[in-house]
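Let me begin by presenting the structure, written as structure tokens, before commenting on it.
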Amino acid sequence: MGIAVSSSKAGRTIYRGRDQQAKTKAMNAPTEGTTGERYFRCMELRSFTLVRLILLCLTLLGLHSATSGCADAANPSSETEAAQPGSAIARDVSVTELKAMLGDRPDILLIDVRTDKEWEGGHLPGAAFLDFLEDDFESIAFTLPKDRPIALYCAAGGRSEDAMKRMAKAGFSELYNLRGGFYDWEDAGETVSNDSPVALPIGE
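Each residue of the sequence shown is one higher than the one before, counting from 387 in the numbering used here.
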């Protein structure tokens with residue numbers, strides 16, 4: 387075995403009198419086997435290192451996602467934030483949510499914004515009536531108490547959503563739109579009424 391002598395020149399290490407095994411060991415490469423075998427061992431080592439890096443990245447990504455999820459839970463969406471005291475609310479609710487709200491909060495004003503013909507075919511119990519398609523909709527709706535909770539519904543949720551948005555811009559503090567409208571209410575097997583409409587508290 388030769389004597390290993392090294393010197394540094396221009397940032398490079400030059401090996402003199404060192405056998406191939408010592409040189410490759412200094413370069414942190416496999417030293418046993420043929421050149422081909424050593425090559426494949428090097429490739430395996432690099433592949434193993436690459437796999438570890440990928441696993442590390444995936445682990446960090448998972449931790450980031452979990453942290454983001456916790457952050458989302460700690461910082462609720464704008465829709466939820468709107469439910470905080472002093473903030474305006476304007477959001478959709480399901481049939482189940484609306485039914486529970488009507489049972490727990492008798493102060494909620496329920497308004498059917500469909501047409502006369504649709505109203506006569508059946509409506510939610512305890513609802514007032516105000517046709518969204520009539521020209522005087524806004525002039526009447528905007529005189530309702532702005533601090534009173536109001537739930538709106540139509541046939542499928544489109545007109546009542548538009549009504550909710552207009553009323554929200556007008557300064558109403560708590561508005562709900564029945565998602566899926568009367569159709570979803572009826573499909574859920576909930577009670578349908580044919581009673582006269584509840585009077586609107588205009589100007590109160």
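Glycine included, every Cβ here is placed at the ideal spot set by N, Cα and C. Keep in mind that this is a model prediction, so the values were computed, not measured.
Residues near residue i in its chain [Cβ-Cβ closer than 6 Å; skip 5 each side]
i, result
"P583", "A514 and F515"
"D478", "N563 and R565"
"S546", "V499, L538, Y539, C540 and N563"
"T501", "D517"
"E506", "none"
Nearest neighbour of residue i, chosen from the options [CA to CA]
i, options, result
"D498", "G489, M550, L442 and A486", "M550"
"G544", "F558, F518, L496 and K532", "F518"
"E504", "E576, R438, Y569 and T577", "Y569"
"L488", "L447, E506 and G512", "G512"
Contact belief for residue i with residue j at Cβ below 8 Å, rounded distance in angstroms
i, j, result
"I536", "L561", "5 Å"
"E520", "R552", "Their Cβ separation, rounded to whole angstroms, is 13 Å, which puts E520 and R552 out of contact at 8 Å."
"D522", "S559", "Contact flag wrong, Cβ pair sits at about 23 Å."
"E572", "K485", "Not confirmed; about 13 Å, so no contact."
Beta-carbon spacing of residue i, residue j below 8 Å
i, j, result
"A476", "A554", "yes"
"V481", "A541", "no"
"E590", "P531", "yes"
Neighbourhood of residue i by C-beta distance below 7 Å, restricted to the same chain and skipping five residues each side
i, result
"A469", "Because the pLDDT at A469 is just 44, under 50, the model does not fix this residue reliably, and the value given afterwards should be weighed accordingly. Taken in chain order, the residues that qualify are I475."
"N580", "G508"
"L496", "L488, L510, G512, A513, A514 and A537"
"L441", "none"
"G567", "Y539, C540, A541, A542, G543 and S546"
Same chain, Cβ closer than 8 Å to residue i, neighbours up to 5 away in sequence not counted
i, result
"S526", "The amino acid occupying residue 526 in the given sequence is Ile; Ser does not appear at that position. Answer for I526: L516, L586 and I588, listed in chain order."
"R491", "P535"
"D548", "F518"
"T529", "I588 and G589"
"D493", "R534 and P535"
DSSP bridge partner residues for residue i (one or two, in chain order)
i, result
"F515", "D498"
"V479", "L564"
"I588", "In DSSP, I588 forms no bridge with anything."
"L538", "I497 and N563"
"T579", "Sequence check: residue 579 is Ser here, not Thr. Bridge partners of S579: H509."
Neighbour flag for residue i against chain C, beta carbons, 8 Å
i, result
"D570", "Among the protein chains of the structure shown there is no chain C, as only one such chain exists."
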